[in-house]
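Chemist: Dropping a structure here in structure tokens format, bear with me for questions.
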Amino acid sequence: MKNNIIFKFVIMSVLLTIFVTALSLYNLRNAGINAAIEKAEAISEALKSGLTSHMINNTMNQSDTFINSISNMKNVKNLWLSRTDLVSKQYGNNAQTNPPKDDIEREVLQTGKMKYELKDSISKTSMRITIPYNAVAEKGIDCMSCHNVEYGSTLGAVSLELDVSDVKQLGVETIYSITMMVFVGIVLIIFLVRKILNPYSNLFNDLSRSLKKSTTGNFQQIKLNHGLSGNEVELAKNYNSIMSIFSDTSNDIDKKLKGFIGHKSSTEETNPLVESREIISNLSNLYQFKKEIELDDTKEEIYQRLLQIFMNQFSLKNFTFVEIDMNNEKQTVVAKVGNMFYCKDTIENTPELCRAARTKHDVVSIDYHSSCPYFTRNDKFYYCTNIEISNKIQLVINFVFDTKNELESLKNDITFIRNYINEAAPSIEVKLLMNALKESAFRDGLTGLYNRKFLDEHSKKIVPYAKRENLNIGVLMLDMDHFKAVNDEYGHDVGDKVLKELSRILEENVRESDIVVRYGGEEFIVLLVGITGVEDSLKVANKIRERVRENEVDVYAGTKLKKTISIGLSMFPEDSNTIEGVMKNADIALYEAKSGGRDKVVRFNEEQISSVDLF
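Numbered by our numbering, the letters in the sequence shown go through residues 3 to 617 in order.
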């Protein structure tokens, strides 16, 4: 700082010297010009008066002597006269006509105004001045008495060449004096500044270094050994106090933030201020994320929100969300970004093979690529992390990278990533519980099939879907033949067993897209969604009927029981454009099957309506 101040002072002093010198030279020049003009005007007046006297006394033949005496005055290098044409015409041409020599004289004689010209060289400086003589009547002299001209007319001019080198010499001496004074002043001031500012300079440098380090989170105090006193010492002490507070506060914030999010410090040297700022930013984003997922209706929405966070905030391009149900030995990919899932197919039905799910620890391929033997690509790098959603469900996220550096960068963000997952886990668990509760509300407690409530809710959606996709729906209404006799003869336990067997046969002989419903008691409904037509519907119905007839139910002590079913078939939209209408028609067809001897499949037709006794 000190050297900087001295340097700036020297620069300012030099600039000030140049300015003062230039101003002085300018003023000296103007003063010299004005003095030369004044001298020229005085000589002009004296010459005019002398020539007028010669003219009045008729002694113009002696005027040359007078003019020569004027020419010999100090600093007068040359002097000459010139006349206008007005005078020459009045007195005629003679030796004293003196026409103008150059353009300057011609201009002065024409305008009646003085004009000067400065001639400068290395050694000498001179000034040419041409002063007009105008016809006046003042100071006892009346030019019009001798000259037949108008008042103010230019009669002639005198030109003088004056030596003004002394002005130039004065300027040089002025520059020298100013320069020497400024130089001496600068040297003196530099000495004083260095002596006075040296303690302040050292203090400032220490403050500057301390502040520079503080930007990296290193809040250092300064030493009080600069020879300062009074206010300066108090300033240094206050600064140290502030640095101490900053250091303690920064360390406390950093420690608590890292503890709050479970962040582990990396081996790399980091800036705690930048790190704390990043943590706060992530916490803010995390808080906003938590508020948003609380409003999501399904777990799928939460997964999609996590997916967007990972892509946009962490710039991840290839990862998979996998739900693992250890109890049911089921693995399901619930969300994915990238080309493919790189785990072997064997894991799908045996999720306990997944190392991350089994050990509940992160599995990383940085040092040991074969940490997971079920990862299929040796040219890729992976990072698998596990979050427990509930007692039954775990969420494994599989991150895949093309390079090791990309994987290393993820290690710095994994804490924040896990925070997002941890925040999402309770909401996902709630959605799973709600789905389970909703599912249980729609399931029959005995058979595990969908119940009538589900059919009522689902029918509101399936009809618009079928109309939009132009699909057929075959509706099978089934009823166990003589089921009351089973309960009466063998008891309700055997009756329940028969119903469970029927439920099993129904599920095994329809497609996954078809819907099996226990409608009530021994009545069941099967919705064949997207069936080709009546013929295929009849084939499915007859297959079910035959499987039921062939099935044997163990009652007790080796006793086997065989039962039959009756089935009524109606088609949507062929028979009705509402699902309620189709089920009613299927019920009518079922009545016909029972009336016709049971163990039959009957296709609905409108003639059946008149034959049905509804009462």
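Note that the Cβ used here is the ideal one computed from N, Cα and C, for glycine as well. Quantities reported herein were computed from a predicted structural model and do not represent experimental measurements.
Between which two residues does the alpha helix (DSSP H) carrying residue 113 extend?
Modeler: Mapped onto the sequence shown, residue 113 falls at position 111. Run containing residue 113: 105-113, per the alpha helix (DSSP H) assignment.
Chemist: By Cβ distance below 6 Å, which residues in the same chain neighbour residue 644 in space, the five residues on each side in sequence not counted?
Modeler: There is no way to answer for residue 644, as the model of the chain reaches only from 3 to 617.
Chemist: In this structure, how does DSSP classify residue 486 when only helix, strand and coil are distinguished?
Modeler: As a working note, residue 486 is residue 484 in the sequence shown. It is helical.
Chemist: Could you pull out every residue in the same chain whose Cβ sits closer than 8 Å to the Cβ of residue 451, ignoring the five residues on either side in sequence?
Modeler: Walking along the sequence shown from the start, residue 451 turns up at place 449. Answer for residue 451: 445, 505, 508, 509, 518, 519, 520 and 526, listed in chain order.
Chemist: Does the pairing of the segment 466-483 with the segment 533-550 give three or more beta-carbon distances under 8 Å?
Modeler: With a cut-off of 8 Å, the segment 533-550 and the segment 466-483 count as touching, because enough Cβ pairs lie within range.
Chemist: With a threshold of 16 other CB atoms inside 10 Å of the CB of residue 185, please say whether the residue is buried or exposed.
Modeler: Here residue 185 corresponds to residue number 183 of the sequence shown, with the count starting at 1. Under this definition residue 185 is an exposed residue.
Chemist: Would DSSP call residue 183 helix, strand or coil?
Modeler: As a first step, residue 183 is located in the sequence shown; it is residue number 181 there, counting from the start. Residue state, collapsed to three classes: helix.
Chemist: Using only CA atoms, which one of 361, 178, 166 and 113 lies nearest to residue 22?
Modeler: Here residue 22 refers to the residue found at position 20 of the sequence shown. Ranking 361, 178, 166 and 113 by Cα distance to residue 22 puts 178 first.
Chemist: State the beta-bridge partners of residue 518 as determined by DSSP.
Modeler: By one-based count along the sequence shown, residue 518 stands at place 516. Its beta-bridge partners are 528.
Chemist: Looking at the secondary structure, which residues open and close the alpha helix (DSSP H) in which residue 361 lies?
Modeler: Sequence index remark: in the sequence shown, residue 361 carries index 359 (1-based). Run containing residue 361: 357-361, per the alpha helix (DSSP H) assignment.
Chemist: Kindly identify the DSSP beta-bridge partner or partners of residue 475.
Modeler: As a working note, residue 475 is residue 473 in the sequence shown. Looking at the DSSP assignment, residue 475 forms a beta bridge with 531 and 574.
Chemist: Are the C-beta atoms of residue 315 and some chain B residue less than 8 Å apart?
Modeler: The question asks about chain B, but that chain is absent: this structure has only one protein chain.
Chemist: Are residue 295 and residue 429 close, meaning C-beta to C-beta below 8 Å?
Modeler: Locating residue 295 in the sequence shown gives position 293, where the first residue counts as 1. Locating residue 429 in the sequence shown gives position 427, where the first residue counts as 1. Yes, they are a contact pair.
Chemist: Is the closest heavy atom of the ligand SAM to the C-beta of residue 178 under 7 Å?
Modeler: Absent from the structure shown: the ligand SAM. Ligands present: none.
Chemist: In terms of alpha-carbon separation, which member of 535, 491 and 528 lies closest to residue 561?
Modeler: Here the question's residue 561 lines up with position 559 in the sequence shown. The shortest C-alpha separation from residue 561 is found at 491.
Chemist: Please report the Cβ distance between residue 325 and residue 336, rounded to the nearest whole angstrom; I am assuming they are in contact, meaning their Cβ atoms lie under 8 Å.
Modeler: The residue you call residue 325 lines up with position 323 of the sequence shown. The residue you call residue 336 lines up with position 334 of the sequence shown. With 8 Å as the limit, residue 325 and residue 336 qualify as a contact, their Cβ atoms being about 5 Å apart.
Chemist: Can you check whether the CB of residue 431 is closer than 8 Å to the CB of residue 291?
Modeler: As a position in the sequence shown, residue 291 is number 289, starting the count at 1. As a position in the sequence shown, residue 431 is number 429, starting the count at 1. No, Cβ-Cβ distance for residue 291 and residue 431 is not below 8 Å.
Chemist: May I have the straight-line CA-CA distance separating residue 370 from residue 409, to the nearest angstrom?
Modeler: For this step, residue 370 is matched to residue 368 along the sequence shown. For this step, residue 409 is matched to residue 407 along the sequence shown. Distance between the alpha carbons of residue 370 and residue 409 is about 13 Å.
Chemist: Can you give the Cα-Cα distance for residue 269 and residue 413, rounded to whole angstroms?
Modeler: Stepping through the sequence shown from its first residue, residue 269 is reached at position 267. Stepping through the sequence shown from its first residue, residue 413 is reached at position 411. Only weak support exists for where residue 269 lies, its pLDDT of 47 falling under 50; the value from the coordinates is given anyway. Taking the straight line from one Cα to the other gives about 12 Å.
Chemist: If you count every other CB in all the chains shown that lies within 10 Å of the CB of residue 2, and 16 or more means buried, which is it?
Modeler: No answer is possible for residue 2: the residues shown for the chain start at 3 and end at 617.
Chemist: Determine the burial state of residue 594: buried for a count of at least 16 other Cβ atoms within 10 Å of its Cβ, exposed for fewer.
Modeler: Taking the first residue of the sequence shown as position 1, residue 594 is located at position 592. By the 10 Å Cβ count, residue 594 comes out buried.
Chemist: Would you identify the three-state DSSP class for residue 126, choosing helix, strand or coil?
Modeler: The sequence position of residue 126 within the sequence shown is 124, counting from 1. Reduced to three states, the DSSP call for residue 126 is coil.
Chemist: Helix, strand or coil: how does DSSP classify residue 545 here?
Modeler: Here residue 545 corresponds to residue number 543 of the sequence shown, with the count starting at 1. Residue 545: helix per DSSP, three-state reduction.
Chemist: Which class does residue 131 belong to by DSSP, given the choice of helix, strand or coil?
Modeler: Here residue 131 is taken as the residue at index 129 of the sequence shown, counted from 1. In this structure, residue 131 counts as strand in the three-state DSSP scheme.
Chemist: If the criterion is Cβ atoms closer than 8 Å, does the pair residue 84 and residue 115 meet it?
Modeler: Sequence index remark: in the sequence shown, residue 84 carries index 82 (1-based). Sequence index remark: in the sequence shown, residue 115 carries index 113 (1-based). Their beta carbons are not under 8 Å apart, which means residue 84 does not touch residue 115 by this criterion.
Chemist: Along the chain, where does the beta strand (DSSP E) containing residue 162 start, and where does it finish?
Modeler: On the sequence shown, position 160 is the one that residue 162 refers to. Here the beta strand (DSSP E) through residue 162 covers 156-165.
Chemist: Three or more C-beta pairs under 8 Å: does that hold for the segment 312-324 against the segment 338-348?
Modeler: Verdict: yes, contact present.
Chemist: Between the Cα of residue 473 and the Cα atoms of 389, 362 and 515, which residue gives the shortest distance?
Modeler: In the sequence shown, counting from the first residue as 1, residue 473 sits at position 471. Per the Cα distances, 515.
Chemist: Reducing DSSP to helix, strand and coil, say where residue 243 ends up.
Modeler: Taking the first residue of the sequence shown as position 1, residue 243 is located at position 241. Residue state, collapsed to three classes: helix.
Chemist: Could you spell out the range, first to last residue, of the beta strand (DSSP E) harbouring residue 605?
Modeler: Residue 605 sits at position 603 when you count from the first residue of the sequence shown. Counting along the chain, the beta strand (DSSP E) containing residue 605 begins and ends at 603-605.
Chemist: Per DSSP, residue 325 is paired with what?
Modeler: Start at 1 with the first residue of the sequence shown, and residue 325 comes out as number 323. Answer is 334 and 397.
Chemist: What three-state label does DSSP hand residue 348 in the structure shown?
Modeler: Position 346 of the sequence shown, counted from the start, is the residue given in the question as residue 348. Three-state result, residue 348: helix.
Chemist: Beta-carbon separation of residue 107 and residue 132 under 8 Å?
Modeler: Start at 1 with the first residue of the sequence shown, and residue 107 comes out as number 105. Start at 1 with the first residue of the sequence shown, and residue 132 comes out as number 130. Their beta carbons are under 8 Å apart, which means residue 107 touches residue 132 by this criterion.
Chemist: Do residue 384 and residue 400 have their beta-carbon atoms positioned less than 8 Å apart in this structure?
Modeler: As a first step, residue 400 must be located in the sequence shown, where it is residue number 398. As a first step, residue 384 must be located in the sequence shown, where it is residue number 382. In contact: residue 400 and residue 384 (Cβ atoms closer than 8 Å).
Chemist: Terminal residues of the continuous beta strand (DSSP E) containing residue 445?
Modeler: On the sequence shown, residue 445 is found 443 positions in, with the first residue counted as 1. Taken as a continuous stretch (DSSP letters only), residue 445 belongs to no beta strand (DSSP E), as it is neither H nor E.
Chemist: Rounded to whole angstroms, what's the CA-CA distance from residue 127 to residue 137? Just pull it up for me.
Modeler: Sequence index remark: in the sequence shown, residue 127 carries index 125 (1-based). Sequence index remark: in the sequence shown, residue 137 carries index 135 (1-based). Taking the straight line from one Cα to the other gives about 33 Å.
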